[in-house]
Every structure is written in C-alpha cells, then in structure tokens.
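Engineer:
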C-alpha cells in the first residue's frame, strides 16, 4: 500500500484546479482541444470507506487493489474527431513506476462524484476497453489512442485497473500541468458550414442505420441525393424505413428526389414527408445559402431540357446570387463509371448552365457507390480552369453496385463502403471528406479552391 | 518503357496490307520467379483474350505483353478464330450490339441489336455458335425485379434466336409453362447443338441441358449458375449461390457431369462471373476490386492449389490463339 502514504506530499506540490482546462490549438485545417478531468479519484480495497478525491495522485494496483476513475466532459467540438488520446503522467516520486500502467475502459456510469466514491460504493468499470499501458517509469507521459471510442461531445467516464501487484501511480487533476488529459483533434476549423449527406438510403436493410448514426454525430446541413426510400417512395415506406434512421436529423435535411421517390403517382410520399424542406411540391428544385456558398437542389426526375421550367429557374437563380462558391446536387449522375446506370446525358443542359455560372461542385447518386471526378467541363473533359468537380455518393445504405468501364476524369472509386460525404464550405474553397459508417473503412479527402 | 504502336499480337498470321488499327503494348506481368507448382501450371503457355477497361485486347497468360486495341466491348469471348463482342452504343447507354470479329479483330457479318445491359457472352469451341445474355431490367441476380434475355447466333447460317424463352422446357420430366422464366449463361458442347444454360423459374436456379435443333431444354440440377463446359466436355465450371442465396455471394465450383459431384474450387472470394476454361486444368474468372479495377484470376479446376492473378486490369477472359 504505497499510494495513500504519498497522497499528502503529492497534494502539496500540486496546483489545485477546479475548472476544466480547455486549450484550443487551431490550425488552418484542424482543431485540437485538450480536456482535463472534471473529476478523478481512486479507491483502495484496504480502505473500503475512504475517499481520495482531492488527492494529488491516482493509481492502479492489484495488491493492495487500487482502481482509478476519471471523468471528462468533451464539449465545443465540431466536425469529425480524427484523433483522441488519453494521456496520463506518472508521479515524480520513486515507486510510481511499474511493469504495467494498467488497463483502461469506458464506464456506463457518469454520475459518480469525485468526493463521494469509495471502494464500497465504486461504479462498475463495464464499458469498451480503450487500451492498456505497458511498463511505466517515473515522471513520464503515457498515452492511449481512444479515437474509436471518443467520437464527439459528451461526458465520458474511464476506469483503470491493473493485474500487476507492483502498482503504477499517476498525477491527478489536482496537479495542474500534469493532470490526465483527453486530447481531441477534429478535421475542421470551427465556424465554416458543414454540408454532409449521401443518396440511395433507406430500405429494409440495416446499412442506413449505420450511415444515420454517422451523420447524427456531425453538426451541419444534411443533403440527400435522392432515392431516399425504397422501393416506391410511399408515405408508408418513409415512415417505416427512412424516419427511424435518417429521420433523426430531418429538421436539418435538404433532400432531392430520386426515381424510387418518384415511383408513386403524385409523389405524395416524398413531398408529404419532407414538406417545405423539399421545395415546391411537384417541382423539387430550390436553393439556399450556407456561408459563402450558394447551394442549388435540382430534380433529375422531371424535365431538364434547356427549355424546361427548371432550366429557366436555374438560370434566374444563379443570376441572382453574389456568393463566390456554388454547389448543386441531384439524383442521376451526368458522369459515372458505374455499370448499373450510365451517364445521364439528359441533365446536360443544367450542367451547362452551372458551368456557365462558374459552379464548383456537383453531387449525385443513383449508382450505389462512391466516385470522385476531376474538374470537368460539360462534355466530361478535364478542365482545371473552369471545370466542376463531380461526385457520386450512392452510399447511403442501399446495396452497393459494381463498376463498369472507368470514365475519363474519374479519380477515386469505391464500392465496398457505406458512408457519407462531408463538405466543409470555406470562404473560397471546400474540403471533402468521405466518412465510412460503422463496418465500413474507405475514406477519401481533399481540398479545392472555388473558381 | 513508353507505349508504342505495334502491329497486333497475331501479326505473323496476318495477310500483308490489312490494317488492324491502333494497338497499345505495355510491359508488365513478369513471372515472379516462385517455384510454386500450381502457380507455374496456372500461368502455362498461350495467350488470353480479355477486356482492358472496355477495350478488346490480348495478353500472355501471366498477364505480360498486353496488346490492347481501340475496339469497345463490355463482354467478349473467343474460340477457333471467332471473337464475340457486346459493343455498347456510344449514344444510348444500355443499348448493345453483338459484333462478331475474326481472329484478326476484323468485323464479320452484320452487327445484331441486343437491347439490354451486357452480361454474358460465349462462342462455341468450333467458333460457330455465339450466345449472349443481357439484363433487360433490374441490375443483378439478387434483384427482385431482375429480368434477363439470352439468345444464340449461328454464324454459319446467320440465323439468330433472340430469346430462349421460346424453347420448350421440362422440369423433372414435366412440361414447364414459362411465365416469368429467365435464362442466362449458355455454354455449347462440341457438336454445336447440345448446350447448357441457367434457368430461373419459380424461385429456383436450374442447370438446364438444351437441344438447339429440337428447341428444348430440360433440368439437370439446381443451384448451378453460369455453366462453362470444360474442353474435355465432361465437367462444368459454374458459380454456386452460397446456401442457395445469391445475397450471400457465389462459390466458384466444378460439376462432374457423369456423377453430378460438385467440387468447390480454391477461390473463396465471391465470383460473379461465367468462368472460362483456359485448359482442362485451369478455370479463369474476373474479380473486380473495390476501386472498380478488374483482375483476371486463375485457379486449378480440381479444387487444389490457390488462385493466381493472371491478367492485371483484364476481365472477360478467354483462351486465345492456342
């Protein structure tokens, strides 16, 4: 029982910190925040009714048994967590070293109090294993990669145990500079709008649940590229398949319809479910602004000829915007390497209008796969000066499709991952980031300036 | 090594002065030097006809010495100097023509319109019978709304049968009334009359044996798709739906006709292809990577060994020029 004997000395040299320390380190494309515990303590089996909440150290040991409890509140994080690390610093005192730094797990109980926990009333260490720390020396930082478990804002309880009878002792939050840390990095500079989504989403399968869970954790405006629900776009299908998954963020979703949404006469299921967020019922095209961006939602399921009402509206809409960056989205892709559905040449007149107005991004679906093209002119030739970058993001949940002949200008393809494509809309550029849903692994990212 | 313009692989067989078009050669596919016997056997002698991102070409069996023409096909096969090619329309996506070429890649006869999405294509061993399958609705064999059409062209007579659905089918000896039947994946026997094909009817996938002259088909076995008859005429390579459920994927297998015994081949990835026999010991097939790049693999036909990548970037393989 070494640890309690040193509580006093450690407590004396420590700096008492009562508030959460948040250090934001913002770089051009990423943000990192360091969180210290809002509570930390340990329990000892040989002092079953004692509380050590204000001690300057915590520890893990198998004999006498010491267990450590840490609580972090992650807040203010926006965007996707690209890295999260639990960092612990060993005491400077001889004897804090060990052949094991313990095993650290998440806990379901986040309601415990730093000054209330004892051996006898300790919360269960019952969650996912974050990792283990091997042998530790005195006065040294150790870290565990917890990216897979710390995915956004929230309160996290973490418990530490050890099977080594030679216990390890770490500085507690009361020490200040060497307090435990949760270092959370995100891929986004706070402030710029996030625009995320996918197409070809909800059917009787379970993959749309995985993509919905992914999108749920990311703040921002959600787009869809159609085929929101299968097979016929009825009100019943929207309630049965779409609403329990992607319906969780319906209040920030701006959809477009696909051919399956349009399989029911009158399309009442689609327009009835989304209401005003889908534009005028029966038209389905509309626009909105996000930051420095003008966003145009188009409808590939109605006439898209140069003389169509939609083309006239698009010309007028684009003439009316002063935003420096323009994105557009619809269902059936103008360019695709998918073998199931080919290039939708019928939408060519709208692509020409977008190109004439210096649009930057086009996002579609229909082929159930991910594909990123280079900057293309309306004929599909690479045009790095005035071209539009086209994406196909049919990865929302419906079964994935094979590829056929790979089209000129196609840069990246994948058909084994479900997920969503996230855009960060900067003042004069955009980042794209394909995020895989649970059970998928493919990623793709990049940045391009607006015209 | 830069790309070069070369005369076709079979230039030594060409008559002087025949223009065969633009052909690209690229290096690669050198044997890795391993002494694994199955690998050596798989890589063997001879060349393979294949498609390279939709362009007809040939390569050595080890994938080297690729010669790629400008001819567009989405499915191809070759035997005895006859090449079949399902050529996509440049204007109307989803519209195809069946084009027959000779061994010098020159078109013979008149293109035949075959509306639908290219799926399977075979040429009989004599080079006379060309058979094809297209999807006319739906996109895959697991779709509820899938519909296929399978036809035969006799290149000798010029007669075409646009759809096998006009043939009289029997199942277990009983006449079968066709309602929503689908046929796919023909393979012809050496007499250019007997053939094998998959028929999907009433929720079951049957291996059917057909008689072209009699216009009949009868069932032999269930859960046998995309048959491919071996050069020895005694075995059929095929894809077997795992647990009878295509949504679980397909296992590449070989059926011995005399005993109806099925052997699973060493390829454990799901193979959605009509396999091709490169010789009596080797079955070749396409595996598409998740980035859409196709690769032709070969595996021993007796269940032994392991798959070997034969032609990087190639699909729709057929033995060529043997």
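Protein chains in written order, with our numbering: chain E, 82 to 532; chain V, 12 to 333.
Glycine is no exception: its CB is placed at the ideal position from the N, C-alpha and C atoms.
1. State yes or no: is the beta carbon of residue 484 of chain E nearer than 8 Å to at least one beta carbon in chain C?
2. Using the DSSP secondary-structure output, state which residues sit across from residue 302 of chain V in a beta bridge.
3. Give me the subset of the segment 176-206 of chain V whose CB atoms are less than 8 Å from a CB atom of chain E, sorted by chain position.
4. Does the CB of residue 77 of chain V have a neighbour CB from chain E at under 8 Å?
5. Identify every residue that forms a DSSP beta bridge with residue 124 of chain V.
6. Roughly how many whole angstroms lie between the Cα atoms of residue 171 of chain E and residue 206 of chain E?
7. So which of V/310, V/110 and V/231 has the shortest CA-CA distance to residue 171 of chain V?
8. Please state if the CB of residue 354 of chain E and the CB of residue 379 of chain E are separated by a distance shorter than 8 Å.
9. Measure the C-alpha to C-alpha separation of residue 339 of chain E and residue 382 of chain E and round it to an integer number of angstroms.
10. Report the three-state DSSP secondary structure of residue 174 of chain E (helix, strand or coil).
11. Count the other C-beta atoms from every protein chain shown that fall within 10 angstroms of the C-beta of residue 185 of chain E, then say buried if there are 16 or more, exposed otherwise.
12. Put residue 362 of chain E into one of helix, strand or coil per three-state DSSP.
13. Helix, strand or coil, according to DSSP, for residue 323 of chain V in the structure here?
14. Which whole runs of the beta strand (DSSP E) in the segment 434-505 of chain E are 3 residues long or more, in chain order?
15. Report yes if the C-beta distance between residue 142 of chain V and residue 161 of chain V is below 8 Å; otherwise report no.
16. Since residue 288 of chain V meets chain E, which of its residues come closer than 9 Å, beta carbon to beta carbon?
17. Note down the Cα distance separating residue 454 of chain E from residue 217 of chain V, rounded to an integer number of angstroms.
18. So that I know if they touch, is there some Cβ in chain E lying closer than 8 Å to that of residue 64 of chain V?
19. Can you name, in chain order, every residue of its own chain whose Cβ lies under 6 Å from the Cβ of residue 473 of chain E, other than the five neighbours on each side?
20. With DSSP as the reference, identify every bridge partner of residue 83 of chain V, one or two as the case may be.
21. Take residue 137 of chain E as the anchor and find which of E/128, E/125 and E/257 has the nearest alpha-carbon.
22. Give me the subset of the segment 274-305 of chain V whose CB atoms are less than 7 Å from a CB atom of chain E, sorted by chain position.
23. Among E/509, E/183, E/517 and E/119, which one has its Cα closest to the Cα of residue 253 of chain E?
24. The beta strand (DSSP E) spanning residue 369 of chain E covers which residue range?
25. If you run the structure through DSSP and keep just helix, strand and coil, what is residue 317 of chain E?
26. Closest Cβ-Cβ distance between residue 423 of chain E and chain V: below 8 Å?
27. Could you check how far apart the C-beta atoms of residue 149 of chain E and residue 140 of chain E are, in whole angstroms? I think they sit under 8 Å.
28. Taking the Cβ atom as the reference point for each residue, do residue 239 of chain V and residue 287 of chain V lie within a distance shorter than 8 Å?
29. Determine the DSSP secondary structure at residue 235 of chain E, reduced to helix, strand or coil.
30. Pull up the distance between the alpha-carbon of residue 236 of chain E and that of residue 154 of chain E, whole angstroms please.
31. Should residue 440 of chain E be labelled buried (16 or more other beta-carbon atoms within 10 Å of its own) or exposed?
32. Checking the sheet assignment: what are the DSSP bridge partners for residue 187 of chain V?
33. Check whether the Cβ of residue 497 of chain E lies closer than 8 Å to any Cβ atom in chain V.
34. Using a Cβ-Cβ cut-off of less than 7 Å, give me the residues of the segment 436-468 of chain E that come near chain V, in sequence order.
35. Starting from the beta carbon of residue 85 of chain V, find every residue of chain E whose beta carbon is closer than 9 Å, and list them in chain order.
36. Across which residues does DSSP place residue 140 of chain V in a beta bridge pair?
Structural biologist: Judging by the given coordinates:
1. Structure shown: chain C not included; protein chains present are E and V.
2. For the purposes of this step, residue 302 of chain V is taken as residue 291 along the second chain, with counting starting at 1. DSSP output for residue 302 of chain V lists no bridge partner at all.
3. Cβ proximity to chain E below 8 Å picks out nothing from the segment 176-206 of chain V.
4. As a first step, residue 77 of chain V must be located in the second chain, where it is residue number 66. Taking Cβ atoms only, chain E never reaches closer than 8 Å to residue 77 of chain V, which makes this a no.
5. Position 113 of the second chain, counting from 1, holds the residue named residue 124 of chain V. Beta-bridge pairing links residue 124 of chain V to V/108.
6. By one-based count along the first chain, residue 171 of chain E stands at place 90. By one-based count along the first chain, residue 206 of chain E stands at place 125. If I take the Cα positions, the gap works out to 22 Å.
7. Residue numbering aside, residue 171 of chain V sits at position 160 when the second chain is read from its first letter. For residue 171 of chain V, the closest of V/310, V/110 and V/231 by C-alpha to C-alpha distance is V/110.
8. Counting from one through the first chain, the residue named residue 379 of chain E turns up at place 298. Counting from one through the first chain, the residue named residue 354 of chain E turns up at place 273. Result no, Cβ atoms of residue 379 of chain E and residue 354 of chain E do not sit closer than 8 Å.
9. In the first chain, counting from the first residue as 1, residue 339 of chain E sits at position 258. In the first chain, counting from the first residue as 1, residue 382 of chain E sits at position 301. Each residue's Cα considered, the two are about 6 Å apart.
10. Locating residue 174 of chain E in the first chain gives position 93, counting from the first residue. Residue 174 of chain E falls in the coil class under three-state DSSP.
11. For the purposes of this step, residue 185 of chain E is taken as residue 104 along the first chain, with counting starting at 1. It is buried - the Cβ of residue 185 of chain E has at least 16 other Cβ atoms within 10 Å.
12. The residue given as residue 362 of chain E occupies position 281 in the first chain. Three-state result, residue 362 of chain E: coil.
13. Position 312 of the second chain, counted from the first residue, corresponds to residue 323 of chain V. The answer is strand: DSSP assigns residue 323 of chain V an E or B state.
14. 442-445, 451-457, 469-474 and 491-495
15. Taking the second chain and counting its residues from 1, the one referred to as residue 142 of chain V is at position 131. Taking the second chain and counting its residues from 1, the one referred to as residue 161 of chain V is at position 150. Yes; because the gap between Cβ atoms is below 8 Å, this pair is in contact.
16. Counted from its first residue, the second chain places residue 288 of chain V at position 277. Neighbours of residue 288 of chain V on chain E: none; closest Cβ ~24 Å, over 9 Å.
17. Start at 1 with the first residue of the first chain, and residue 454 of chain E comes out as number 373. Start at 1 with the first residue of the second chain, and residue 217 of chain V comes out as number 206. When rounded, the distance between both Cα atoms is 42 Å.
18. As a first step, residue 64 of chain V is located in the second chain; it is residue number 53 there, counting from the start. Closer than 8 Å to the CB of residue 64 of chain V there is at least one CB belonging to chain E.
19. Looking up residue 473 of chain E in the first chain gives position 392. Result list for residue 473 of chain E: 414, 417, 445, 448 and 452, in chain order.
20. Sequence index remark: in the second chain, residue 83 of chain V carries index 72 (1-based). Residue pairing by DSSP puts residue 83 of chain V in a beta bridge opposite V/66.
21. The residue you call residue 137 of chain E lines up with position 56 of the first chain. Closest by alpha carbon: E/257.
22. 299, 301, 302 and 303
23. As a position in the first chain, residue 253 of chain E is number 172, starting the count at 1. It is E/119 whose Cα lies nearest to the Cα of residue 253 of chain E.
24. For the purposes of this step, residue 369 of chain E is taken as the residue at position 288 of the first chain. Segment 367-371, the beta strand (DSSP E) holding residue 369 of chain E.
25. Here residue 317 of chain E is taken as the residue at index 236 of the first chain, counted from 1. Residue 317 of chain E: helix per DSSP, three-state reduction.
26. Stepping through the first chain from its first residue, residue 423 of chain E is reached at position 342. The C-beta of residue 423 of chain E comes closer than 8 Å to at least one C-beta of chain V.
27. In the first chain, residue 149 of chain E corresponds to position 68, counting from 1. In the first chain, residue 140 of chain E corresponds to position 59, counting from 1. Confirmed, about 6 Å.
28. As a first step, residue 239 of chain V is located in the second chain; it is residue number 228 there, counting from the start. As a first step, residue 287 of chain V is located in the second chain; it is residue number 276 there, counting from the start. The answer is yes: Cβ separation under 8 Å.
29. Taking the first chain and counting its residues from 1, one reaches residue 235 of chain E at position 154. If DSSP states are grouped into helix, strand and coil, residue 235 of chain E belongs with the strands.
30. By 1-based counting over the first chain, the position of residue 236 of chain E is 155. By 1-based counting over the first chain, the position of residue 154 of chain E is 73. Roughly 4 Å between the two C-alpha positions.
31. The sequence position of residue 440 of chain E within the first chain is 359, counting from 1. Buried, because 16 or more other Cβ atoms sit within 10 Å of the Cβ of residue 440 of chain E.
32. Mapped onto the second chain, residue 187 of chain V falls at position 176. Paired residues: V/180.
33. Working through the first chain from its first residue, we reach residue 497 of chain E at position 416. Yes - at least one Cβ of chain V is within 8 Å of the one on residue 497 of chain E.
34. none
35. Sequence index remark: in the second chain, residue 85 of chain V carries index 74 (1-based). Within 9 Å Cβ-Cβ: 420, 485 and 486.
36. The count along the second chain starts at 1 and reaches residue 140 of chain V at position 129. DSSP, once it has assigned bridges, lists V/165 as partnering residue 140 of chain V.
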